[in-house]
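Student:
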Amino acid sequence: MIEKFTLDVIHIIKSIPKGKVMTYGQIAFIAGNPFGARQVARILHSMSQKEQLPWHRVINAQGKISLGGEMGIIQKSRLVDEDIIFKNDRINLRKFQYHYPNE
DNA sequence: GCTGTGACGCCAT
DNA sequence: AATGGCGCCACAG
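My numbering puts the first residue of the first sequence at 901, with every later residue one more than the last.
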């Protein structure tokens, strides 16, 4: 049985519109687990390959990519393609963060 | 059912 | 601004 938290997280991630991003902590908070940022990361890691999640729209609270190596490059270029602007590998959250409708 | 782990976040230096 | 340490919790082994 998969936790409701996990399902909520997946649903929330799927709702992120193009050109916007959300942070791990924000998603976890909305899903009902204020301290579940790490679970969000874990969910992405395990599900993004199977599910069709816009995983590249999820970044950390500092507005930076949490992945190193090639995956990080891929994520960055995907975001750039959505007109999201990087300034020294950092995104302006005040401008690009998506505020979830409910809660 | 106990233990380690992680694409994190926050506060104290 | 940069680092380090601790907390928190679902999931795999």
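No residue lacks a Cβ here, since even glycine has one placed at the ideal position from N, Cα and C.
Could you give the DSSP three-state label for I849: helix, strand or coil?
Tutor: The question about residue 849 has no answer, for the chain in this structure spans 901 to 1003.
Student: Taking the C-alpha atoms as reference points, what is the distance between D860 and P917?
Tutor: A question about residue 860 goes unanswered here, because the residues of the chain that appear run from 901 up to 1003.
Student: Take L944 and list the residues in its own chain whose beta-carbon comes closer than 8 Å to its own, dropping the five residues that flank it on each side.
Tutor: Position 44 of the first sequence, counting from 1, holds the residue named residue 944. Contacts found: I913, L953, W955, V958.
Student: Take L967 and list the residues in its own chain whose beta-carbon comes closer than 7 Å to its own, dropping the five residues that flank it on each side.
Tutor: Counting from one through the first sequence, the residue named residue 967 turns up at place 67. Taken in chain order, the residues that qualify are Q975.
Student: Tell me whether F996 is buried or exposed, calling it buried when 16 or more other Cβ atoms sit within 10 Å of its Cβ.
Tutor: Position 96 of the first sequence, counted from the first residue, corresponds to residue 996. By the neighbour-count rule (16 or more Cβ atoms within 10 Å), F996 is buried.
Student: So, using beta-carbon positions, are Y1000 and K920 closer together than 7 Å?
Tutor: Working through the first sequence from its first residue, we reach residue 1000 at position 100. Working through the first sequence from its first residue, we reach residue 920 at position 20. Their beta carbons are not under 7 Å apart, which means Y1000 does not touch K920 by this criterion.
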